[in-house]
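J.: I'd like to ask you about the structure that follows.
Numbering (the working numbering), first residue to last: 101 to 263.
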């Protein structure tokens with residue numbers, strides 16, 4: 101009887117390890133600080149992130165909120181997480197295929213100029229688009245693409261996290 105109990109326990113433990121292995125690297129959206137690494141605004145400027153803003157531009161998601169900083173100004177807002185059918189799901193649901201940003205409020209006294217201001221405005225234009233499709237190109241990475249953009253090279257934001 102003792103052997104059967106150990107065998108069952110071993111099988112349950114292995115199953116838990118396998119399930120954990122399948123989700124490792126898929127950083128949870130809500131308990132991670134997402135650093136902005138790239139902003140794709142148009143074909144002429146395929147990816148911009150000035151060195152002066154590296155590590156300063158970030159987003160953090162709550163169950164229905166987003167807070168962040170463009171590197172020039174902090175912002176807050178609401179976000180809905182939708183599955184592939186357009187139904188609202190929890191932020192932690194792996195089927196969340198679209199993020200819909202609403203009510204973004206940005207501090208108005210922006211203290212940036214030049215390329216930093218261009219980056220600030222580009223990032224906000226994408227977030228203000230509202231509906232962004234979500235892809236996970238690599239572990240710990242999100243690519244948010246403007247679902248309303250009709251261009252071949254759509255506007256997008258690439259985010260990474262170490263958590």
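Every residue gets a Cβ at the ideal spot worked out from N, C-alpha and C, and that includes glycine.
What you are looking at is a predicted structure, and each value in this text was computed from that prediction instead of being measured.
Mapping the DSSP letters down to three states, classify residue 215 as helix, strand or coil.
T.: Residue state, collapsed to three classes: helix.
J.: Less than 8 Å between the C-beta atoms of residue 130 and residue 258, yes or no?
T.: No.
J.: Let me know the secondary structure DSSP gives residue 253 once reduced to three states.
T.: In this structure, residue 253 counts as coil in the three-state DSSP scheme.
J.: Hey, out of 149, 133 and 128, whose CA is closest to residue 220's CA?
T.: Among 149, 133 and 128, the Cα nearest to that of residue 220 is on 149.
J.: Residue 131 lies in the beta strand (DSSP E); which residues open and close that run?
T.: Element bounds for residue 131: n/a, residue is neither H nor E.
J.: Do you know offhand how far residue 194's Cα is from residue 174's?
T.: Cα to Cα, the separation comes out at about 28 Å.
J.: Distance check for residue 248 and residue 184, CA to CA, integer angstroms please.
T.: Taking the straight line joining both Cα atoms gives about 16 Å.
J.: How would you label residue 214, buried or exposed, when you count the other beta carbons within 10 angstroms and need 16 or more for buried?
T.: Exposed is the call here.
J.: Give the range of the beta strand (DSSP E) segment to which residue 154 is assigned.
T.: Neither: residue 154 is in no beta strand (DSSP E) and is coded neither H nor E.
J.: Using a threshold of 8 Å, state whether the C-beta atoms of residue 157 and residue 204 are closer than that.
T.: Result no, Cβ atoms of residue 157 and residue 204 do not sit closer than 8 Å.
J.: Would you call the CB atoms of residue 154 and residue 133 closer than 8 Å?
T.: No, they are not a contact pair.
J.: Report, in whole angstroms, the separation of the C-beta atoms of residue 191 and residue 209, which I expect to be a contact under 8 Å.
T.: Residue 191 to residue 209, Cβ: 30 Å. No contact.
J.: Might you give, ordered along the chain, the residues of its own chain that have their beta carbon closer than 8 Å to the beta carbon of residue 253, omitting 5 neighbours on each side?
T.: Excluding sequence neighbours, residue 253 sits near 140, 142, 143 and 146.
J.: Does DSSP put residue 159 in a helix, in a strand, or in coil?
T.: It is a strand residue.
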